[in-house]
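Student: Pasting a structure below so you can have a look.
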Amino acid sequence: MEAGTTYITYMGMNPVNADRHEGFEGIEYMPLRIYENQTRLWYEAGDGFYDTAEGAVWERIAEMLETCKEKMMPVTPVSDLQLLRPFHDGEAALAEGRRITPEEYEKGGRVCLIPQTFAQKNDLQVGDTLPLQFYFADYKYPLCQVAFVTGGMDMEAIDADGNILNPFWEGGYEIVGIYSYSVTLTNDPHAFAENQIFVPERSVSKDFKDHVTARGPMQVYNTSFRIKNGSIGRFMEEFSKLPESSLLEIEFDDGGYETFASKMKNTRIVAAALFFAGLALLLATIAFLMYFMILKQRRRTAVEQALGMTKRQCVISLLGGILVLTAVCSAAGAAAGMQMSQAVREAAESKDEGFSTAYTKGMPDSRGEEEASPDDAGGVKNEDGVENEAISENPSVDQRILVCLTALCETGVVSLLSLFFISRNLCAAPILVLSEKE
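FYI, UniProt numbering numbers position 302 of the sequence shown as 302, with every residue one higher than the one before it.
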């Protein structure tokens with residue numbers, strides 16, 4: 001370069017903060033080219049330069065840079081909003097309208113979600129039609145690297161030879177929802193950019209392979225999926241069988257389901273163990289009762305028969321005490337169990353709090369949904385005045401019925417077993433029983 005000569009070049013700014021970019025010192029500087037086949041980084045822009053082929057390319061570059069930095073906004077085709085980290089973590093939430101439906105995802109409906117700030121600046125409402133033009137696709141850079149916090153993109157819609165790319169797809173998209181999200185300066189690759197719009201993936205049906213400006217491997221910020229059925233363990237077991245599995249590192253986020261499911265499984269095992277232990281104790285108690293109150297009473301029955309009591313009277317003599325004891329103990333045990341269950345349930349319910357998600361970050365808007373209100377009788381009615389029967393029922397009545405049924409069932413089982421063993425005692429001749437040694 002010479003003093004007094006006019007040159008043209010493009011200088012981008014990419015500051016490196018030592019606190020945020022450790023380990024970058026000593027790396028060789030590699031100048032970036034605006035388009036792939038750019039041979040020189042600067043030209044002498046003298047008289048008549050813009051009449052040359054190189055000058056025309058630089059004019060197009062300047063025009064496109066202005067368009068990208070001031071007028072361009074990112075549009076992200078998606079198959080499920082919950083696969084995006086900000087929506088999944090609750091950092092982004094629906095403020096107005098609705099989400100894109102599964103049918104619209106499947107059929108590629110011309111609908112979109114726009115950010116709240118963009119809607120306010122452009123006076124857009126749910127139901128309006130937003131014309132969109134798609135210039136290029138980027139499969140390499142996260143938005144935090146190429147999008148400005150104030151809007152616009154630090155990218156160039158230019159092909160490998162420096163020609164401006166024309167839109168490969170355009171159309172009107174109905175605004176079905178407006179979401180809220182706070183855009184900040186960040187290095188988080190999952191973060192949304194200013195004015196970021198979401199459309200169904202299948203709504204962009206035209207081939208755009210010639211409009212891909214950046215390519216790269218699958219990364220955590222551009223690849224996400226949902227496991228249909230099965231668990232993480234089962235998925236990884238099948239995935240590890242693939243030869244390419246060693247090339248990928250998969251991060252799972254199930255909201256703690258695996259841990260919760262494991263604890264629930266352990267709880268079921270403990271509950272089953274306690275149930276069978278209680279059942280074994282019950283059977284042992286019944287066996288103990290049968291042995292000492294019936295089988296060990298053979299001589300008593302023989303004496304009663306010898307004194308002239310009928311078999312019916314002998315049955316009543318033995319069975320009466322057993323039934324009274326069984327009924328009282330069964331009812332008392334069932335009542336005690338119900339009281340303990342009620343105490344545990346009340347302790348758990350006392351920690352519950354009612355709340356509205358209308359203005360809760362990351363939660364669906366509950367405004368417009370039916371709200372329950374108590375009536376004079378203590379029940380709950382919805383907006384149509386229909387009482388919710390499940391809430392208005394008296395649980396104490398059900399508990400008393402259950403206690404009675406439990407006592408009746410246990411008494412019935414003991415009665416049948418008692419009759420069986422008493423009948424065996426009565427079949428033996430009294431004289432033979434009395435002649436036996438104790």
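Ideal Cβ positions, reconstructed from N, Cα and C, are used throughout, including at glycine.
Given 8 Å as the limit, is there contact between the segment 175-193 and the segment 252-260, that is, 3 or more CB pairs closer than that?
Tutor: Too few Cβ pairs lie closer than 8 Å, so no.
Student: Using the Cβ count rule (16 or more neighbours within 10 Å means buried), how would you classify Leu-247?
Tutor: The residue you call residue 247 lines up with position 247 of the sequence shown. Flag for Leu-247 reads exposed.
Student: Any contact between the segment 209-221 and the segment 119-129? By contact I mean 3 or more CB pairs, one from each, below 8 Å.
Tutor: Because the criterion of three Cβ pairs below 8 Å is not met, the segment 209-221 and the segment 119-129 do not touch.
Student: Shortest alpha-carbon distance to Ala-157 belongs to which of Pro-77, Ala-271, Met-64?
Tutor: By one-based count along the sequence shown, residue 157 stands at place 157. Checking every option, the nearest Cα to that of Ala-157 belongs to Met-64.
Student: Could you pull the start and end residues of the alpha helix (DSSP H) that Pro-86 belongs to?
Tutor: Within the sequence shown, numbered from 1, the residue matching residue 86 stands at position 86. Element bounds for Pro-86: 85-89.
Student: Where does Phe-134 sit, in a helix, a strand or coil, going by DSSP?
Tutor: Here residue 134 corresponds to residue number 134 of the sequence shown, with the count starting at 1. Looking at Phe-134 - three-state DSSP - the assignment turns out to be strand.
Student: Looking at the unbroken alpha helix (DSSP H) that takes in Glu-70, where does it start and where does it end?
Tutor: Translated into the one-based positions of the sequence shown, residue 70 becomes position 70. Start and end: 53-70.
Student: Consult DSSP for Pro-74 and reduce its assignment to one of helix, strand or coil.
Tutor: As a working mapping, residue 74 is identified with position 74 in the sequence shown. Looking at Pro-74 - three-state DSSP - the assignment turns out to be coil, as it is neither helix nor strand.
Student: Just the C-alpha distance for Ile-401 and Val-270, rounded to the nearest angstrom, thanks.
Tutor: Here residue 401 corresponds to residue number 401 of the sequence shown, with the count starting at 1. Here residue 270 corresponds to residue number 270 of the sequence shown, with the count starting at 1. Their Cα atoms are separated by approximately 27 Å.
Student: At what residues does the beta strand (DSSP E) containing Phe-198 begin and finish?
Tutor: Residue numbering aside, residue 198 sits at position 198 when the sequence shown is read from its first letter. Note, Phe-198: beta strand (DSSP E), 197-200.
Student: Please go through the same chain and pick out, in chain order, the residues whose beta-carbon is closer than 6 Å to the beta-carbon of Phe-148, but skip the five residues on each side of it.
Tutor: Translated into positions along the sequence shown, residue 148 becomes position 148. The answer is none, since no qualifying residue turns up.
Student: State buried or exposed for Glu-44, treating a residue as buried only when at least 16 other CB atoms are found within 10 Å of its CB.
Tutor: As a first step, residue 44 must be located in the sequence shown, where it is residue number 44. With fewer than 16 Cβ atoms within 10 Å of its Cβ, Glu-44 is classed as exposed.
Student: Is the beta carbon of Ser-341 closer than 7 Å to that of Ala-407?
Tutor: Along the sequence shown, read from residue 1 onward, the residue named residue 407 stands at position 407. Along the sequence shown, read from residue 1 onward, the residue named residue 341 stands at position 341. No, Cβ-Cβ distance for Ala-407 and Ser-341 is not below 7 Å.
Student: Indicate the three-state DSSP secondary structure (helix, strand or coil) for residue 439 in the structure shown.
Tutor: As shown, the chain starts at 1 and ends at 438. That puts residue 439 outside it, with no answer to give.
Student: Note the first and the last residue of the continuous beta strand (DSSP E) segment covering Tyr-291.
Tutor: Counting from one through the sequence shown, the residue named residue 291 turns up at place 291. That residue, Tyr-291, is in no beta strand (DSSP E); its alpha helix (DSSP H) goes 257-293.
Student: Please look up how many angstroms separate the CB atoms of Ala-95 and Ser-180, rounded, as I've assumed it's under 8 Å.
Tutor: Looking up residue 95 in the sequence shown gives position 95. Looking up residue 180 in the sequence shown gives position 180. Ala-95 to Ser-180, Cβ: 4 Å. Contact.
Student: Comparing alpha-carbon positions, which option in Tyr-105, Glu-170, Ala-93 lies nearest Thr-129?
Tutor: Indexing the sequence shown from 1 puts residue 129 at position 129. Selected option, being the one with the closest Cα: Glu-170.
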